[in-house]
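Asker: So for the sequence shown, the working numbering puts the first residue at 189; every next one is plus one.
Cβ atoms here follow ideal geometry from the backbone N, Cα and C, with glycine treated the same way.
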Amino acid sequence: MAQPIRGRLAGQRGGALTVPRGPFPLCEADVSVKCRIISDDDPERLHGLRADSFFSGGDLHVNDRVGFWRFGQEDVASVRRSTFVRWVEHHATVASTNTRALAVAADNSWHVPALIVADEQTEGRGRGANRWWSAPGCLTCSLVLGTDGEEASINGTRVSLTAGLAVSAALQQLCPALPVGLKWPNDVFIRARKVCGILVEVPPRVVGRVVVGIGVNVNNPMADSGLASATSLVDEVGYRFELTRVLIAILRQLEDHLKLLAPQEERLASCWRAYCMLTGNTVRVQAGSNHTVGVCRGIDANGALLVETSRGVQQCLTGAVSIVS
C-alpha cells in the first residue's frame with residue numbers, strides 16, 4: 189500500500205511524496221510520482237531513492253549513494269530478518285569477499301550460514317586466474333555454508349550450478365521477461381552476455397564448510413567497463429534496483445535450492461538442464477592441456493557437462509567452456 193512521506197516539495201513546505209510500499213526495498217520503476225525534492229525531514233523513509241535519469245523535468249537528491257550503490261545499516265538488518273543467513277558482515281571496501289569468507293569459515297565461533305557483503309572489492313577473483321571486475325552498484329557477496337562432508341567429498345561444480353540456478357530464478361522473479369541462462373559451470377548470462385559470476389571455494393583444513401562467492405552486475409552500466417561480453421540489470425531493463433532487494437531474492441532462492449543438493453538429486457539436475465544456455469550448441473571444453481569439442485547435450489545429476497562427440501557422449505566435470513561459432 190502506498191504511504192505518504194513527509195517532506196518539502198519545490199516552492200512549498202510540508203508536502204508529501206507518495207511511493208509504493210512493497211515487501212522489498214524499491215527500484216526506480218516503483219516510483220509513482222514526479223517531483224523535485226529540496227529537502228526532507230525523514231530521509232530514511234526515502235532510503236536509497238535517486239532518480240536523476242529516471243525523472244524527466246525533475247531531480248531527486250536524497251541519500252544519494254545509499255540503496256542503489258551501497259548497503260546501509262537497515263539493509264543489513266533486513267537481510268538478517270528476511271533470509272536464512274545467521275550472521276551478516278558488511279564492508280564498505282574489502283580486497284575480496286571470498287578471502288574474508290574463507291577466514292570466517294575457519295573460525296568456529298561464527299555460526300553459518302554467514303554472509304560477507306561489500307559495497308566494493310579491490311581484488312575480486314574468479315575461477316583460475318580470472319579477475320572479477322567490481323564497481324559501485326555491483327552486488328558482491330560471499331556466503332559461508334555448512335556441509336555434511338569433508339573437503340574431498342564436496343562437489344564444487346554442483347554447488348556452483350545450484351548457486352547459479354538460484355541467481356537465475358531470482359533475476360527472473362525480479363524481471364520476468366529477461367532471457368536468463370546458466371553457462372556451465374559458474375556463470376549466469378542474459379542473452380549472450382555475462383551478468384553474474386560465481387566462485388566456490390573449500391577452505392583448506394576446515395571440515396564441513398564451503399564458501400560461495402556471488403557477483404552480480406546490478407546498477408553498474410557496463411558500457412565504460414571495456415567488457416563487451418558483460419551486461420548488467422540496469423543495462424537490460426533501463427532502471428536500477430535496490431541492492432538489498434536483489435540480494436534477498438537470491439538468498440531466498442538459494443535456501444530453497446540448497447535443500448535439493450543431495451547426491452544424484454534428479455529434480456535439481458532437471459532445473460540445471462532447463463536453464464542451460466549451451467544445450468544444442470557446439471562447444472569446446474578446455475581442461476588443462478585436454479580439450480573436448482562436440483554438441484552440448486545438457487548437464488547430468490553429478491553436475492557434469494554432457495558433450496556429444498564422434499566417440500559418444502563425454503562427461504566433462506571441469507574446465508572452461510566456449511561456444512564454437
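(1) So for Arg381, helix, strand or coil by DSSP?
(2) Could you check how far apart the C-beta atoms of Gly486 and Cys464 are, in whole angstroms? I think they sit under 8 Å.
(3) Since Ala462 and Ala489 should fall inside the 8 Å C-beta cutoff, what is the C-beta to C-beta distance between them, to a whole number of angstroms?
(4) Going by DSSP in three states, Arg288 sits in which element: helix, strand or coil?
(5) Can you name, in chain order, every residue of its own chain whose Cβ lies under 7 Å from the Cβ of Arg201, other than the five neighbours on each side?
(6) Starting from His299, follow the beta strand (DSSP E) in both directions and report where the run begins and ends.
(7) Quick check on the DSSP output: the alpha helix (DSSP H) that includes Val188 runs from which residue to which?
(8) Considering only the beta carbon of each residue, do Val388 and Val434 sit closer than 9 Å?
(9) Excluding sequence positions up to five away, which residues of its chain have a Cβ less than 7 Å from the Cβ of Leu353?
(10) Measure from the alpha carbon of Glu424 to the alpha carbon of each residue in Leu303, Leu362, Val292, Asn374, then state which is nearest.
(11) Provide the residue(s) that pair with His278 in DSSP beta bridges, ordered along the chain.
(12) Give me, in chain order, the residues of the same chain whose beta-carbon lies closer than 6 Å to that of Asn469; leave out the 5 immediate sequence neighbours on both sides.
(13) Around the Cβ of Phe377, are there at least 16 other Cβ atoms within 10 angstroms (buried) or fewer (exposed)?
(14) Could you check whether the stretch 296-308 touches the stretch 324-336, counting it as contact only if at least three pairs of C-beta atoms, one from each stretch, sit closer than 8 Å?
Answerer: If we stick to the structure as given:
(1) Shown here, Arg381 sits in a strand according to DSSP, grouped into three states.
(2) Sure, about 6 Å apart at Cβ, within 8 Å.
(3) Rounded, the Cβ-Cβ distance is 14 Å, inconsistent with contact.
(4) Secondary structure of Arg288 (DSSP, three-state): helix.
(5) Caution applies to Arg201, whose pLDDT of 35 falls short of 50 and renders its modelled position unreliable; the value that the coordinates give is listed next. Excluding residues up to 5 positions away in sequence, nothing lies with its Cβ nearer than 7 Å to the Cβ of Arg201 in the same chain.
(6) Run containing His299: none; DSSP gives neither H nor E here.
(7) Nothing can be reported for residue 188, as the shown portion of the chain is limited to 189 through 513.
(8) Against a cut-off of 9 Å, the Cβ pair of Val434 and Val388 comes out as no contact.
(9) Same-chain partners within the cutoff: Leu370, His445, Cys459, Trp460, Tyr463.
(10) Closest by alpha carbon: Leu362.
(11) The partner list for His278 (beta bridge, DSSP) reads Val305.
(12) The answer, listed in chain order, is Cys484, Ile511.
(13) Burial call: buried.
(14) Touching, yes.
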